[in-house]
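Engineer:
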Amino acid sequence: MRIHLLPADAPPDVRLWLVDIDLNAPLIHAGANGLHASELARAHRFLRHQDAARFVTMRAALRRLLAAELNVDPAGLAFTADTNGRPSLSMPDAPDFNVSHSGAHGLIAVSFRRRVGVDIEESPPSLDWRSLEASVLHPTDKRIIDAMPQADASSAFFACWTAKEAVLKAHGDGIGGKAIGMQDFSVLPRNDARYAVSAGPGTFQAISLAVPQGYAAALAWSEITQP
Numbered sequence: 001m002r003i004h005l006l007p008a009d010a011p012p013d014v015r016l017w018l019v020d021i022d023l024n025a026p027l028i029h030a031g032a033n034g035l036h037a038s039e040l041a042r043a044h045r046f047l048r049h050q051d052a053a054r055f056v057t058m059r060a061a062l063r064r065l066l067a068a069e070l071n072v073d074p075a076g077l078a079f080t081a082d083t084n085g086r087p088s089l090s091m092p093d094a095p096d097f098n099v100s101h102s103g104a105h106g107l108i109a110v111s112f113r114r115r116v117g118v119d120i121e122e123s124p125p126s127l128d129w130r131s132l133e134a135s136v137l138h139p140t141d142k143r144i145i146d147a148m149p150q151a152d153a154s155s156a157f158f159a160c161w162t163a164k165e166a167v168l169k170a171h172g173d174g175i176g177g178k179a180i181g182m183q184d185f186s187v188l189p190r191n192d193a194r195y196a197v198s199a200g201p202g203t204f205q206a207i208s209l210a211v212p213q214g215y216a217a218a219l220a221w222s223e224i225t226q227p
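FYI, the numbering for the sequence shown is 1 to 227, going by this note's numbering.
1) Decide yes or no for the touch test of the region 105-123 against the region 179-197: beta carbon pairs closer than 8 Å, at least 3 of them.
2) Residues in the same chain with beta-carbon distance under 7 Å from LYS164, minus the five sequence neighbours each way, listed in chain order, please.
3) Let me know the alpha helix (DSSP H) ranges lying completely inside the region 68-138, each 4 residues or longer, listed in chain order.
4) Are the beta-carbon atoms belonging to LEU77 and ALA68 less than 8 Å from one another?
5) So does the region 201-216 actually touch the region 165-173, counting three or more Cβ pairs closer than 8 Å?
6) I'd like the span of the alpha helix (DSSP H) that includes ARG45, first residue to last.
7) Near ALA25, which residues of its chain fall below 7 Å by C-beta distance, leaving aside the five closest residues on each side in sequence?
8) Determine the burial state of LEU16: buried for a count of at least 16 other Cβ atoms within 10 Å of its Cβ, exposed for fewer.
9) Could you check the C-alpha separation between ARG113 and ALA156 for me, to the nearest Å?
10) By alpha-carbon positions, which one of SER131, PHE55, TRP129 and CYS160 ends up nearest to ILE144?
11) Less than 8 Å between the beta carbons of ASP173 and ASN98, yes or no?
12) For PHE185, name the three-state secondary structure that DSSP assigns.
13) Taking the alpha helix (DSSP H) that GLN150 falls in, what are its first and last residues?
14) Please determine, among TRP221, PHE158, PRO189 and ARG190, the residue with the shortest C-alpha to C-alpha distance to GLN213.
15) So, helix, strand or coil for ARG48, using DSSP?
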């Protein structure tokens with residue numbers, strides 16, 4: 001687990017970590033010994049060991065990071081979720097956080113001053129991303145991507161997809177109730193790493209993240225919500 005350097009125009013109160021996941025590691029080595037009984041039970045309900053390893057690794061990393069930020073015992077942290085399934089800590093003045101994982105990598109974002117959302121996705125060349133356009137792309141996004149050479153369009157789609165997922169995760173209402181669809185707002189055009197997020201989900205900013213080859217990732221944040 002290592003801290004991920006963000007572009008200079010990202011808010012200084014937002015911190016991001018990249019977590020490498022050993023998909024074949026025994027759960028005890030993935031950090032299962034630091035989890036609560038309910039979390040262990042959840043891990044053992046996964047049908048595939050790789051999915052259990054992802055959950056255990058990311059939950060153990062999240063506990064360690066939040067405990068370090070709050071100067072408390074990782075085992076003492078209690079998680080809850082709102083009606084849309086967005087997780088938070090059951091304590092006053094807790095930071096906002098968000099977690100994403102795909103394949104062998106995960107991301108954790110934390111801020112004490114604003115809502116954050118993060119998304120990482122594997123971007124395999126074999127995926128028929130064109131079949132997903134209708135559920136992901138706003139007409140503005142589609143027009144821009146369709147004008148690109150085929151070699152660039154695929155990576156642009158995955159970048160756009162992760163940016164929208166990150167915005168919706170920061171927003172929160174789109175997670176469980178799907179109040180806002182990805183196709184309801186645009187994030188293109190992009191200026192270097194910064195996306196042009198339209199007003200659909202509210203006032204949010206999003207940037208593309210440099211992650212290992214074969215993946216796409218993005219970070220989103222709200223305006224300041226805490227002084």
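The beta carbon of each residue, even a glycine, is placed where N, CA and C say it ideally should be.
Given the structure is predicted, the values throughout are model-derived calculations rather than measurements.
Structural biologist: In short, the structure shows the following:
1) Counting Cβ pairs under 8 Å, fewer than three are found: no touch.
2) If you ignore the 5 residues before and after LYS164, its C-beta comes within less than 7 Å of the C-beta of VAL136, MET182 and VAL187, all in its own chain and listed in chain order.
3) Segments of the alpha helix (DSSP H) lying fully in the region 68-138: 133-136.
4) For LEU77 and ALA68, no; Cβs fall outside 8 Å.
5) Taking 8 Å as the limit for Cβ pairs, the verdict is that the region 165-173 does touch the region 201-216.
6) Counting along the chain, the alpha helix (DSSP H) containing ARG45 begins and ends at 37-45.
7) Annotation for ALA25: ALA53 place their beta carbon closer than 7 Å to its own, counting only its chain and skipping 5 residues before and after.
8) Answer is buried; the Cβ neighbour count reaches 16.
9) Computed Cα separation, rounded: 30 Å.
10) Closest in alpha carbon position to ILE144, among SER131, PHE55, TRP129 and CYS160, is CYS160.
11) The Cβ atoms of ASP173 and ASN98 lie no closer than 8 Å to each other.
12) PHE185 falls in the coil class under three-state DSSP.
13) Under the DSSP assignment, GLN150 falls in the alpha helix (DSSP H) whose first and last residues are 150-171.
14) For GLN213, the nearest C-alpha among the options comes from PHE158.
15) Correct three-state label for ARG48: coil.
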